[in-house]
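Encoded as C-alpha cells, the structure appears first; notes follow it.
Residue numbers (the numbering used here): 683 to 749.
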C-alpha cells in the first residue's frame with residue numbers, strides 16, 4: 683500500500699526516471715553489441731586502407747544538389 687499512498691506526481695516522476703534509466707541501459711548494450719560486430723569490419727577496412735584501397739562508400743562521389 684506504500685506505493686498507492688505516494689502522491690501521483692512522485693509516482694509518475696519515479697516511473698519516468700526508471701524508463702529513462704532502462705532506455706540508457708538498453709542503449710549501452712546496443713552500442714556494445716554494434717561495437718563488437720563492427721570491430722571485425724573495422725579491422726578489414728583498416729587493412730584495406732593500409733594497402734591503399736578506400737572504403738567503397740567513401741570512394742563514391744558525393745551527390746550534388748544539381749542532380
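Glycine included, each C-beta is placed from N, C-alpha and C at the ideal position. Since this is a predicted model, take the numbers as computed values, not measurements.
_Residues near residue 818 by beta carbon distance below 8 Å, same chain, minus five either side_ = Residue 818 lies beyond the range of the chain shown here (683 to 749); nothing can be said about it.
*Tell me which same chain residues have a C-beta within less than 8 Å of the C-beta of residue 734, skipping the five on either side of it?*
Taking the chain shown and counting its residues from 1, the one referred to as residue 734 is at position 52. Leaving aside the five residues that flank residue 734 on each side, none in its chain has a CB nearer than 8 Å to its CB.
*Where does residue 723 sit, in a helix, a strand or coil, going by DSSP?*
Residue numbering aside, residue 723 sits at position 41 when the chain shown is read from its first letter. Three-state result, residue 723: helix.
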